[in-house]
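Everything on this sheet refers to the single structure shown next.
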Amino acid sequence: MTQITVTVNGTSQTHEVEPRQLLVYYLRDKLGLTGTHIGCDTSSCGACTVHMDGMAVKSCSILAVQADGCEITTIEGLAQGDQLHPVQEGFKECHGLQCGFCTPGMIMATVDMLQNNPDPTEEDIRHALEGNICRCTGYHNIVRSVQWAAEKMKTSAKVLDGASVSPSPVYASVNLNQQQQQQL
Amino acid sequence: MIPYAFDYTRPESVEEALDLLDDDAKLLAGGHSLVPALKLRLSAPGRLIDIARIPSLKGIREENGEIVIGAGTTHAEIMKSDLLKQHLPMFAEGAALIGDPMVRHKGTIGGSLAHADPSADWPAMVIAADGEVVLRGRNGSRSVAAADFFIGFYSTALEEGEIITEIRLPVPAEGTRMNYQKFAQPASRFAIVGCAVVRHPDGSVRVAFTGVSDAPFRDTGVEEALSGQQLTDDVIEAAAAKAAEGVSLNSDHFASEEYRQHLARVYCKRALNAVA
Ligand SMILES: Cc1cc2nc3c(=O)[nH]c(=O)nc-3n(C[C@H](O)[C@H](O)[C@H](O)COP(=O)(O)OP(=O)(O)OC[C@H]3O[C@@H](n4cnc5c(N)ncnc54)[C@H](O)[C@@H]3O)c2cc1C
Ligand code: FES
Ligand code: FES
Numbered sequence: 476m477t478q479i480t481v482t483v484n485g486t487s488q489t490h491e492v493e494p495r496q497l498l499v500y501y502l503r504d505k506l507g508l509t510g511t512h513i514g515c516d517t518s519s520c521g522a523c524t525v526h527m528d529g530m531a532v533k534s535c536s537i538l539a540v541q542a543d544g545c546e547i548t549t550i551e552g553l554a555q556g557d558q559l560h561p562v563q564e565g566f567k568e569c570h571g572l573q574c575g576f577c578t579p580g581m582i583m584a585t586v587d588m589l590q591n592n593p594d595p596t597e598e599d600i601r602h603a604l605e606g607n608i609c610r611c612t613g614y615h616n617i618v619r620s621v622q623w624a625a626e627k628m629k630t631s632a633k634v635l636d637g638a639s640v641s642p643s644p645v646y647a648s649v650n651l652n653q654q655q656q657q658q659l
Numbered sequence: 043m044i045p046y047a048f049d050y051t052r053p054e055s056v057e058e059a060l061d062l063l064d065d066d067a068k069l070l071a072g073g074h075s076l077v078p079a080l081k082l083r084l085s086a087p088g089r090l091i092d093i094a095r096i097p098s099l100k101g102i103r104e105e106n107g108e109i110v111i112g113a114g115t116t117h118a119e120i121m122k123s124d125l126l127k128q129h130l131p132m133f134a135e136g137a138a139l140i141g142d143p144m145v146r147h148k149g150t151i152g153g154s155l156a157h158a159d160p161s162a163d164w165p166a167m168v169i170a171a172d173g174e175v176v177l178r179g180r181n182g183s184r185s186v187a188a189a190d191f192f193i194g195f196y197s198t199a200l201e202e203g204e205i206i207t208e209i210r211l212p213v214p215a216e217g218t219r220m221n222y223q224k225f226a227q228p229a230s231r232f233a234i235v236g237c238a239v240v241r242h243p244d245g246s247v248r249v250a251f252t253g254v255s256d257a258p259f260r261d262t263g264v265e266e267a268l269s270g271q272q273l274t275d276d277v278i279e280a281a282a283a284k285a286a287e288g289v290s291l292n293s294d295h296f297a298s299e300e301y302r303q304h305l306a307r308v309y310c311k312r313a314l315n316a317v318a
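Those sequence lines, one after another, are chains A and B.
The working numbering puts the first residue of the first sequence at 476, with every later residue one more than the last.
The working numbering puts the first residue of the second sequence at 43, with every later residue one more than the last.
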C-alpha cells in the first residue's frame, strides 16, 4: 500500500491505496464520486474524463498513485451549490444528452477546451471532443450545447468585467436563456 | 480491468531512477501505453518507477544549434511550444494529431519512442528531422541517430538499465520546409500510415514513414528519386510512386498490405506537395 494525498473538488483526501488501483476506481469506490463513469475501460471512450491539475485526463488510464499531490476535479465539483456550471447548463438547454452516460466526460472535456479556446469554431469543438464517444446523440446537440456554453461564458465574463455598471450576472443569464431558446 | 500487483516508486532524479532500474522494474512516464498494457496483463513488472515528474526530463530548449526536447515532455507541451512552432513546426502540428486532448496531456515523446509502437507518430518525425535519441545508463550517456534507434516490432536500441533523457534535433537552416501527413485509425487515432518530410534549402529531402512496416524507417528510395530535382508535380508523382518499396508491409483487419502501400504513396505525395 502507498499513501496518497489528493485534493478532490477542493477537499484534501489522504488514503492508503494499492499502487495498481486506477484513479477512476479510487474516485468511484473509495470516495463515492460515481459521477465519473467507466465506459470502455480501454482508454477509448472518455466517459471517465476528469481534470488533473486543470487538464482533462482519462482516469481509467491513470493510477491513483500518479495523482498523489495533484488537484482533481470531477463532474461533482463543477456546480456552485445549486448554480450549474455554464457547460452543464448548456447540455441541459440544448438537449446535449440522451442516456447521459457520456455526459460527465463530455462536460469535463468541454470545460478544459473552453479554458484554452473560449471562442471555438464548430470544427474546434468536434476535434476537442475526439476522445469522447457518445452512442446516443449523434453529436450535433453536443456541439450546440458547447456553443451555447461558450456564448454564455463570454457574456458572463463581459458582465463581470464591467460589474459596477452592468446588470448582475444572474440577470444577464436570464436574458441569454430566452434569447438562446428562441434560436433553438 | 485490474493490473497484477506491483510496487511503485517516484524518484526525484534520473540518477536515483537508474539505481532502481533492474530487470523486474519498468519506467512509467505518461502511462498511456504502459497502463493499458498493465490492465490487459500484457506486462507484469514487479515495480514501476515513475519518472513523469523528474524536472531534468521536462521541457524544450535551444542549445548549440539544436532543439532539445526532454523525454518527459508531453505531446500537449510540444503542441504549444513557441520554440518548436518557430523552428520545427511539423512537431507542434504533428503533436496535435496524436490521440485526443486527454491522451496528449499525459503521453510523452520519450515514452512514445521507447514503446516504439509501429503506428506511433513521433518516430517518423524524429527520423525525418535527423534527430538523435540520448540514452543514459549507470555508466554514462550515449546518443543514437533516430534512423538507427528503431530496430523492429516494438524494439529499439534501448538497452536494459537505460533511460531516454532527451531528443536532440538540429535547428533547420532558414528556408527549410517540413510536413507530416497521417491517415489515422478512426478509433485510436494511431497512424495507419504517417509520412514525415523535411526539405532543406539545398534541395535535399528526408522522408520517413511510420505505420507502414514493423518499424518506422527512412525511405531512401523516395529521397533518391527527388535528389537534385525541382519538386514539380511530375517529380513528386514519380518519387511518391516509390514509397515503401522493398519493405515488409504491415497488414491488419483495418488495412491490407496492398492498401497500406497505396496509402503510403498518397500520403507521401501530400507531404511532398506541402513542402514543394
Ligand atoms: C486512446 C489512445 C490513443 C493514442 N493515440 C496515439 C496516436 O494517435 N499516435 C501516437 O503516436 N500515440 C498514440 N497513443 C500512445 C500515446 O502517445 C502514449 O502516451 C505514448 O506512446 C507513450 O508515452 P507515455 O509517456 O504514456 O509512456 P508510458 O506508457 O509511461 O511508457 C511506455 C513505455 O516506454 C517506457 N518508457 C517511458 N519513458 C521512458 C524513458 N524516458 N526512457 C526509457 N523508457 C521509457 C516505459 O517503461 C514503457 O515500456 C495513444 C494512446 C491512447 C491511450
Ligand atoms: S472508461 Fe476511460 S476512456 Fe473509456
Ligand atoms: S447520451 Fe448516451 S452515450 Fe451520450
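Glycine included, every Cβ here is placed at the ideal spot set by N, Cα and C.
On a predicted model such as this, the values are computed, not experimentally measured, just so you know.
Using alpha carbons as the reference points, say which of the options lies closest to residue i.
{"i": "residue 148 of chain B", "options": "B/76, B/171, B/159", "result": "B/76"}
{"i": "residue 479 of chain A", "options": "A/538, A/508, A/514, A/485", "result": "A/538"}
{"i": "residue 170 of chain B", "options": "B/225, B/199, B/264", "result": "B/264"}
{"i": "residue 564 of chain A", "options": "A/611, A/600, A/621, A/630", "result": "A/621"}
{"i": "residue 591 of chain A", "options": "A/611, A/628, A/569", "result": "A/628"}
{"i": "residue 253 of chain B", "options": "B/218, B/267, B/275, B/296", "result": "B/296"}
{"i": "residue 570 of chain A", "options": "A/612, A/556, A/483", "result": "A/612"}
{"i": "residue 210 of chain B", "options": "B/111, B/106, B/118", "result": "B/111"}
{"i": "residue 499 of chain A", "options": "A/603, A/618, A/517", "result": "A/517"}
Give the straight-line distance between the Cα atoms of residue i and residue j, rounded to the nearest whole angstrom.
{"i": "residue 643 of chain A", "j": "residue 551 of chain A", "result": "Any answer about residue 643 of chain A is weak, because its pLDDT of 36 lies below 50 and its placement is not dependable; what the coordinates show is given next. Approximately 26 Å between the Cα atoms of the pair."}
{"i": "residue 194 of chain B", "j": "residue 161 of chain B", "result": "12 Å"}
{"i": "residue 115 of chain B", "j": "residue 139 of chain B", "result": "16 Å"}
{"i": "residue 212 of chain B", "j": "residue 59 of chain B", "result": "28 Å"}
{"i": "residue 52 of chain B", "j": "residue 481 of chain A", "result": "16 Å"}
{"i": "residue 166 of chain B", "j": "residue 246 of chain B", "result": "17 Å"}
{"i": "residue 608 of chain A", "j": "residue 521 of chain A", "result": "7 Å"}
{"i": "residue 222 of chain B", "j": "residue 308 of chain B", "result": "13 Å"}
{"i": "residue 205 of chain B", "j": "residue 177 of chain B", "result": "6 Å"}
{"i": "residue 534 of chain A", "j": "residue 102 of chain B", "result": "27 Å"}
{"i": "residue 615 of chain A", "j": "residue 600 of chain A", "result": "11 Å"}
{"i": "residue 476 of chain A", "j": "residue 593 of chain A", "result": "42 Å"}
{"i": "residue 88 of chain B", "j": "residue 496 of chain A", "result": "15 Å"}
{"i": "residue 504 of chain A", "j": "residue 511 of chain A", "result": "11 Å"}
{"i": "residue 66 of chain B", "j": "residue 257 of chain B", "result": "26 Å"}
{"i": "residue 144 of chain B", "j": "residue 136 of chain B", "result": "16 Å"}
{"i": "residue 196 of chain B", "j": "residue 158 of chain B", "result": "5 Å"}
{"i": "residue 118 of chain B", "j": "residue 567 of chain A", "result": "30 Å"}
{"i": "residue 299 of chain B", "j": "residue 291 of chain B", "result": "5 Å"}
{"i": "residue 191 of chain B", "j": "residue 545 of chain A", "result": "35 Å"}
{"i": "residue 597 of chain A", "j": "residue 606 of chain A", "result": "16 Å"}
{"i": "residue 276 of chain B", "j": "residue 130 of chain B", "result": "27 Å"}
{"i": "residue 261 of chain B", "j": "residue 278 of chain B", "result": "14 Å"}
{"i": "residue 649 of chain A", "j": "residue 630 of chain A", "result": "Its pLDDT being 37, under 50, residue 649 of chain A is placed unreliably by the model, and the measurement read from it follows with that caveat. Taking the straight line joining both Cα atoms gives about 12 Å."}
{"i": "residue 250 of chain B", "j": "residue 557 of chain A", "result": "55 Å"}
Helix, strand or coil for residue i per DSSP?
{"i": "residue 66 of chain B", "result": "coil"}
{"i": "residue 212 of chain B", "result": "strand"}
{"i": "residue 578 of chain A", "result": "helix"}
{"i": "residue 218 of chain B", "result": "coil"}
{"i": "residue 100 of chain B", "result": "coil"}
{"i": "residue 90 of chain B", "result": "strand"}
{"i": "residue 254 of chain B", "result": "coil"}
{"i": "residue 119 of chain B", "result": "helix"}
{"i": "residue 525 of chain A", "result": "strand"}
{"i": "residue 192 of chain B", "result": "strand"}
{"i": "residue 50 of chain B", "result": "strand"}
{"i": "residue 203 of chain B", "result": "coil"}
{"i": "residue 488 of chain A", "result": "strand"}
{"i": "residue 631 of chain A", "result": "helix"}
{"i": "residue 232 of chain B", "result": "coil"}
{"i": "residue 284 of chain B", "result": "coil"}
{"i": "residue 44 of chain B", "result": "coil"}
Quiz item: Just the residues with CB closer than 6 Å to a heavy atom of ligand 2, in chain order, which are they?
Solution: Taking every residue with its beta carbon within less than 6 Å of a heavy atom belonging to ligand 2 gives, in chain order, A/513, A/514, A/515, A/516, A/518, A/519, A/520, A/521, A/522, A/523, A/533, A/535.
Quiz item: What is the chain-ordered set of residues for which the beta carbon lies under 5 Å from any non-hydrogen atom of ligand 3?
Solution: Counting every residue whose Cβ lies closer than 5 Å to a heavy atom of ligand 3, we get A/572, A/573, A/574, A/576, A/577, A/609, A/610, A/611.
Quiz prompt | Every unbroken alpha helix (DSSP H) inside the stretch 560–626 of chain A [4 residues or more] | solution = DSSP runs (the alpha helix (DSSP H)) wholly in the stretch 560–626 of chain A: 561–568, 578–591, 597–603.
Practice problem: Please list the segments of the beta strand (DSSP E) lying wholly inside the stretch 502–556 of chain A, counting only runs of 3 or more residues, in order along the chain. | Solution: Within the stretch 502–556 of chain A, the complete beta strand (DSSP E) runs of at least 3 residues fall at 524–527, 530–533, 546–548.
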